[in-house]
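Contents: one structure, followed by commentary.
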DNA sequence: TTGCCGCCTTTGTA
DNA sequence: ATACAAAGGCGGC
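Residue numbers (my numbering): 22 to 315.
As structure tokens, then:
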């Protein structure tokens with residue numbers, strides 16, 4: 022199947038979107054990107070303004086890649102200064118992806134204190150160990166294990182997936198989701214703060230992980246995850262909008278207190294507006310690309 | 001109630 | 001090779 026995009030009203034760049042570090046399970050073979058989404062093996066490629074795909078229908082692709090988000094409007098709203106305009110220009114067509122909340126939750130619990138290649142490894146290990154295989158074009162893809170499966174898994178099996186100290190958090194979170202102690206399915210209908218408070222009840226989920234899950238899977242575009250890269254770029258490029266003592270203190274420490282974290286988040290929402298999450302993704306990808314080869 | 005400290009496994013990268 | 005950083009969170013004080 023194919024979708025033809027109008028590049029003026031619906032700019033989109035598939036490679037930027039899948040390479041910017043928000044998703045961990047899409048793999049590129051030749052021109053095609055492969056993954057399992059919604060339990061179905063799928064592949065997609067982009068040739069200029071045409072998206073070609075198999076395995077899912079057009080409405081799912083539009084939802085998954087947020088093609089109905091009014092990107093030109095969003096970009097005009099977050100283009101508040103030369104720094105972010107530069108990031109937007111460098112990655113024209115980058116969009117947020119709408120992920121499955123459960124897979125997104127486990128992915129970002131695993132992302133704690135890990136770099137992106139290592140995260141891809143951990144999530145791949147979990148899927149091979151606990152998911153089931155689906156083959157497409159001779160590529161083996163694996164479904165992501167459901168909450169019940171990971172709740173029943175023992176710590177030794179999880180540790181074998183190289184999760185390290187995250188194995189216990191993944192296991193305990195899986196139990197709480199499986200028993201509906203935290204109802205993931207209901208969070209999208211809740212306001213940002215309320216949904217965040219629910220996520221914070223899960224072990225391994227702090228301010229940053231909660232914001233990632235809210236932004237990447239629960240449609241909260243005001244979520245502004247502050248990781249080491251975003252902390253760096255905010256303190257370097259936006260210090261004039263922050264208290265001097267606050268900036269100097271934050272620069273000295275590796276991790277932020279919840280209070281400091283929330284100060285940066287509320288600055289970002291005030292400065293970039295309701296689409297602060299999009300600003301975060303452009304700033305994140307830009308900062309990473311100038312500091313290391315991506 | 002809040003801040004700070006040290007620790008948590010393992011991999012990537014220089 | 002050996003060190004240091006990595007899309008942080010948590011319990012102790």
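Glycine included, each C-beta is placed from N, C-alpha and C at the ideal position.
Put residue i into one of helix, strand or coil per three-state DSSP.
{"i": "residue 177", "result": "helix"}
{"i": "residue 30", "result": "coil"}
{"i": "residue 61", "result": "strand"}
{"i": "residue 89", "result": "coil"}
{"i": "residue 135", "result": "coil"}
{"i": "residue 35", "result": "helix"}
{"i": "residue 207", "result": "helix"}
{"i": "residue 269", "result": "helix"}
{"i": "residue 187", "result": "helix"}
{"i": "residue 68", "result": "strand"}
{"i": "residue 166", "result": "coil"}
{"i": "residue 198", "result": "helix"}
Nearest to residue i by CA position, among the options, is which residue?
{"i": "residue 219", "options": "295, 91, 204 and 165", "result": "204"}
{"i": "residue 213", "options": "266, 54, 63 and 287", "result": "287"}
{"i": "residue 180", "options": "208, 131 and 206", "result": "131"}
{"i": "residue 60", "options": "24, 124, 53 and 136", "result": "124"}
{"i": "residue 46", "options": "99, 152 and 70", "result": "152"}
{"i": "residue 246", "options": "269, 290, 189 and 39", "result": "290"}
{"i": "residue 93", "options": "75, 27, 85 and 202", "result": "27"}
{"i": "residue 114", "options": "225, 184, 90 and 297", "result": "90"}
{"i": "residue 35", "options": "103, 57 and 69", "result": "69"}
{"i": "residue 273", "options": "306, 183, 120 and 253", "result": "253"}
Would you kindly report the start and end of the unbroken beta strand (DSSP E) that includes residue i?
{"i": "residue 58", "result": "53-58"}
{"i": "residue 71", "result": "71-75"}
{"i": "residue 25", "result": "23-25"}
{"i": "residue 160", "result": "160-163"}
{"i": "residue 48", "result": "48-50"}
Could you check where the alpha helix (DSSP H) with residue i kicks off and where it finishes?
{"i": "residue 92", "result": "92-99"}
{"i": "residue 128", "result": "122-131"}
{"i": "residue 306", "result": "297-312"}
{"i": "residue 154", "result": "Where residue 154 is concerned, there is no enclosing alpha helix (DSSP H), although the beta strand (DSSP E) it sits in stretches over 154-157."}
{"i": "residue 279", "result": "279-293"}
{"i": "residue 110", "result": "103-111"}
Throw me the rounded Cβ distance for the residue i and residue j pair, which I believe falls under 8 Å.
{"i": "residue 64", "j": "residue 171", "result": "Not really, about 27 Å apart at Cβ, beyond 8 Å."}
{"i": "residue 191", "j": "residue 225", "result": "7 Å"}
Exercise. Quick one: complete alpha helix (DSSP H) runs, 4+ long, within the region 209-253?
Worked result: Taking 4 residues as the shortest admissible run, the region 209-253 contains the following complete alpha helix (DSSP H) segments, listed from N- to C-terminal end: 213-220 and 228-238.
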